[in-house]
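When you line the sequence shown up against numbering that gives the first Met the number 0, it's residues 0 to 253, in that order. Here a beta-carbon is modelled for each residue, glycine too, at the ideal position from N, C-alpha and C. As the structure is a prediction and not an experimental result, all values here were calculated from the model.
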Amino acid sequence: MTPDWSPLEKELAKWQAEARHLPLWWRDDDAIAPTAQLDQLSALAQKLALPVHLAVIPATAEPELALYVADHPELIPVVHGWAHQNRATKGQKKCEFPEQRPKQESLDDMQQGLVRLQKLFGPRLVPLFVPPWNRISLELPPALPDLGFAALSTFTPRRAPQAAPGLAQINTHLDPIDWKQTRSLVAPERLIAQVCEQLRSRRNGAADNTEPYGILTHHLVHDAAIWGFTEALITRLMMGPGQVWKFDDKDNQI
């Protein structure tokens with residue numbers, strides 16, 4: 000059954016009528032190696048003319064991935080934790096950098112992740128930190144700039160432009176995967192309603208429209224429904240009012 004896109008098209012028409020612009024970005028998590036799924040992600044990014052900020056797991060990233068990224072300018076590598084290992088205590092939500100973990104141990108892993116990916120990707124690496132499962136102890140962000148990071152990215156609309164002094168907050172806002180049940184696509188009408196609500200909040204001034212609107216994907220676990228919806232959504236946004244956003248550690252935005 001084809002999704003009903005008319006609610007989103009009506010909202011986008013209001014944006015265009017008011018000459019508004021939506022800074023748009025795409026983050027895809029858990030990359031470690033070249034795969035057929037990464038080929039599909041790269042091809043789609045090229046087709047949509049929207050780069051993908053590829054969150055790479057440092058501990059297991061293969062050198063072949065760096066060679067692949069070097070040949071694919073539509074892929075922008077960023078740091079995805081250290082080993083994507085759950086360090087939360089039993090009964091707590093999954094998190095590699097939870098409150099109860101010794102702070103210095105967490106910082107050492109973050110530093111190690113940045114250094115390893117800098118060696119692999121060189122200047123292509125963007126110093127943006129993506130904590131696995133989008134969770135991080137509140138005491139850690141203030142220390143990230145001293146480690147060499149310029150931004151932090153989690154999920155849901157940000158509370159402020161900076162996660163800490165000298166550290167931009169650039170979140171993602173829509174994840175199309177039904178992680179808790181089918182692990183396929185969330186019901187399209189729910190996703191479309193969510194996008195409409197988020198864009199309406201931005202248009203009405205209830206949410207920060209200077210924050211790039213982020214699409215979050217996980218190429219290694221996509222099925223045809225997830226790929227199809229992602230392409231259809233980004234296509235509609237890129238027709239207007241969406242405008243490509245890429246991170247720049249000099250001024251945070253370009």
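Beta-carbon spacing of tryptophan 81, leucine 49 below 8 Å | Taking the sequence shown and counting its residues from 1, the one referred to as residue 81 is at position 82. Taking the sequence shown and counting its residues from 1, the one referred to as residue 49 is at position 50. Leucine 49 is positioned such that its CB atom lies no closer than 8 Å to that of tryptophan 81.
Cβ neighbour criterion (16 or more within 10 Å) applied to tryptophan 178 = For the purposes of this step, residue 178 is identified with residue 179 of the sequence shown, where counting begins at 1. Note on tryptophan 178: under 16 other CB atoms within 10 angstroms of its CB, so exposed under the neighbour-count rule.
6 Å CB neighbourhood of asparagine 133 in its chain, flanking five on each side removed = In the sequence shown, the residue the question calls residue 133 occupies position 134. Short of 6 Å from the beta carbon of asparagine 133, and not among the five residues preceding or following it, lie these beta carbons of its own chain, in chain order: Thr153, Phe154.
Arginine 256 in three-state terms, based on DSSP | Given a span of 0 to 253 for the chain in the structure shown, any question on residue 256 remains unanswerable.
Any chance the stretch 8-17 sits against the stretch 232-239, with 3 or more Cβ pairs inside 8 Å?
-> The stretch 8-17 makes contact with the stretch 232-239, as at least three CB pairs between them are under 8 Å.
Terminal residues of the beta strand (DSSP E) in which glutamine 286 lies = The first residue shown for the chain is 0 and the last is 253, placing residue 286 beyond what the model contains.
In terms of residues, what are the limits of the alpha helix (DSSP H) holding tryptophan 14?
-> In the sequence shown, counting from the first residue as 1, residue 14 sits at position 15. Counting along the chain, the alpha helix (DSSP H) containing tryptophan 14 begins and ends at 5-16.
Bridge partners of histidine 52, per DSSP?
-> Start at 1 with the first residue of the sequence shown, and residue 52 comes out as number 53. In DSSP, histidine 52 forms a bridge with Arg26, Ile75.
Who are the near neighbours of aspartate 27 in its chain, counting only those whose CB is closer than 8 Å to its CB and skipping five residues on each side?
-> Numbered from 1 along the sequence shown, position 28 holds the residue referred to as residue 27. Sequence-distant partners of aspartate 27 (beyond 5 residues in either direction) whose C-beta falls short of 8 Å from its own C-beta, in its chain, are Leu40, Val51, His52, Leu53, Ala54, Leu215, Thr216, His217, His218.
Can you tell me whether glycine 210 is buried or exposed, with buried defined as 16 or more other CB within 10 angstroms of its CB?
-> Here residue 210 refers to the residue found at position 211 when the sequence shown is read from its first residue. One detail in the question is off: residue 210 reads as glutamate in this sequence, not glycine. With 16 or more other Cβ atoms within 10 Å, it is buried.
First and last residue of the alpha helix (DSSP H) that includes valine 114?
-> The count along the sequence shown starts at 1 and reaches residue 114 at position 115. Valine 114 -> alpha helix (DSSP H) spans 102-120.
Report the rounded CA-to-CA distance for lysine 118 versus alanine 32, giving the unit in angstroms.
-> The residue given as residue 118 occupies position 119 in the sequence shown. The residue given as residue 32 occupies position 33 in the sequence shown. Cα to Cα, lysine 118 sits roughly 16 Å from alanine 32.
Starting from threonine 234, trace the alpha helix (DSSP H) both ways and give me its first and last residue.
-> The count along the sequence shown starts at 1 and reaches residue 234 at position 235. Where threonine 234 is concerned, the enclosing alpha helix (DSSP H) stretches over 223-237.
With DSSP as the reference, please indicate the residues paired to isoleucine 214 in a beta bridge.
-> In the sequence shown, residue 214 corresponds to position 215, counting from 1. Looking at the DSSP output, isoleucine 214 sits in a beta bridge with Trp25, Leu173.
State the Cα-Cα distance for the pair aspartate 248 and leucine 232, rounded to the nearest angstrom.
-> The residue you call residue 248 lines up with position 249 of the sequence shown. The residue you call residue 232 lines up with position 233 of the sequence shown. Here the model assigns aspartate 248 a pLDDT of 49, short of 50, so the residue's position is not dependable, and the following value carries that caveat. C-alpha separation (whole angstroms): 28 Å.
With distances taken from CA atoms, which of Thr1, Leu139, Pro187, Ala192 is nearest leucine 166?
-> Looking up residue 166 in the sequence shown gives position 167. The shortest Cα separation from leucine 166 among Thr1, Leu139, Pro187, Ala192 belongs to Leu139.
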